[in-house]
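Protein chains in written order, with my numbering: chain G, 1477 to 1775; chain X, 7 to 131. Here the structure is laid out as structure tokens; the discussion comes afterwards.
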């Protein structure tokens, strides 16, 4: 048959595509028993088989486009989400990246065996080798796609959490009319201190606050960089017309700052947030008195 | 440039060219001498972009106003402008600041020496 001879000799990718389409059902059935599919699609075996069929279809499409080495091939886009879900489920189950990878590698032998038995008896050894190699490459690419997708999912999660951390870590609290406070928690780096400065200045405008208290009780260490950030924030707040008080300097930190020779200049500092609030209230001419006989009277 | 009693109120708007800023600096000095003002309130809430030149002009205005026995209060600086000035290292140490014109006027009233003649005028009144 010249027709078939031409087809087989010309393109192993073509052969693989035909094979995948022909044996779609069997491959999916065999994959459904592999741990990657079995443990992710736990509801029923049919579900695993369906997922396997989708992957086989994608592989056939990629082989059709003759881009077996390209993890960005268009064929993968349809199953990318499903693959990501599988990868993520296995990671959640406590498997390391290497273990997930070897589980994916286990998908190859059943397909390969099927392919070898499926090739015509009279096929040349060279042709068989070419087909098997192409299939191996294709399965390798599938592995890359799953790992890639899983990693990018992880990266997206980290990015999202970093943003959340920035937002969560810098609340500006209104303590009194014209007094705002920022409790700083965690290490102050350039990015965070920038966010702190911006949110503080915005709220100074918003609240028309004449006093701002920077509480550094939650800052584990104060080095020259942190001191510089604090000075910048204080200077910017002053330019806007608000006075900044730095509070929450613990004894150990006060000692370290003196040892390091850090000078906060003319910045008003207090030991605790309560002291700072007391100072500011005094500056505003507001006093808190204990309740008298006529009931609670504040200010 | 508005005059409110002994206070000069200057409002800066939008894009301030270098020449305009310098012109303002000169005009302000002359007006203070002519009017005998004891305070200058500069409203910068309309200024969105600031560079090192404008920062220096503001510091110089404060300096020269001080020499003429008047005080300068900057009012309504935007957060972005404040951050830029600090990043440029221009913290304007000699300048008073306030959140609003109201606060600025109050500040001048509280701390002002009654006039540049240092109380003489008050006795004569």
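Quick reminder that beta carbons are idealized off the backbone N, C-alpha and C, glycines included.
Contact between the segment 1614–1625 of chain G and the segment 1575–1592 of chain G is present, with at least three C-beta pairs closer than 8 Å. Residue state for residue 1696 of chain G is assigned as coil, using DSSP reduced to three classes. In this chain, the alpha helix (DSSP H) harbouring residue 66 of chain X covers 58–73.
If only uninterrupted alpha helix (DSSP H) runs of at least 4 residues are considered, those enclosed by the segment 1676–1761 of chain G are 1700–1716, 1727–1736 and 1749–1760. Under a criterion of Cβ atoms nearer than 7 Å, the residues of chain G adjacent to residue 88 of chain X are, in order, 1677, 1712, 1715 and 1716.
Within chain G, 1715 have C-beta atoms less than 8 Å from the C-beta of residue 98 of chain X, given in sequence order. Listed in chain order, the non-local C-beta contacts of residue 1552 of chain G below 7 Å within the same chain comprise 1534, 1538 and 1621, local neighbours out to five positions each way being set aside. Three or more Cβ pairs closer than 8 Å define a contact, and the segment 94–104 of chain X meets that threshold against the segment 60–76 of chain X. If you ignore the 5 residues before and after residue 1650 of chain G, its C-beta comes within less than 6 Å of the C-beta of 1656 and 1683, all in its own chain and listed in chain order. Separation of residue 1714 of chain G and residue 1562 of chain G (C-alpha to C-alpha, rounded to the nearest whole angstrom) is 54 Å.
Rounded to the nearest whole angstrom, the CA to CA distance from residue 48 of chain X to residue 82 of chain X is 9 Å. Excluding five sequence positions before and after residue 39 of chain X, the CB atoms of its chain that fall closer than 7 Å to its own CB belong to 74, given in chain order. Interface annotation, residue 1615 of chain G: not in contact with chain X, CB-CB separation never under 8 Å. When C-alpha distances from residue 1666 of chain G are compared across G:1678, G:1695 and G:1701, the shortest belongs to G:1701.
Around the C-beta of residue 1691 of chain G, 16 or more other C-beta atoms lie within 10 Å, and the residue is accordingly described as buried.
Residue state for residue 14 of chain X is assigned as strand, using DSSP reduced to three classes.
Here residue 1667 of chain G carries a helix assignment [DSSP, helix/strand/coil].
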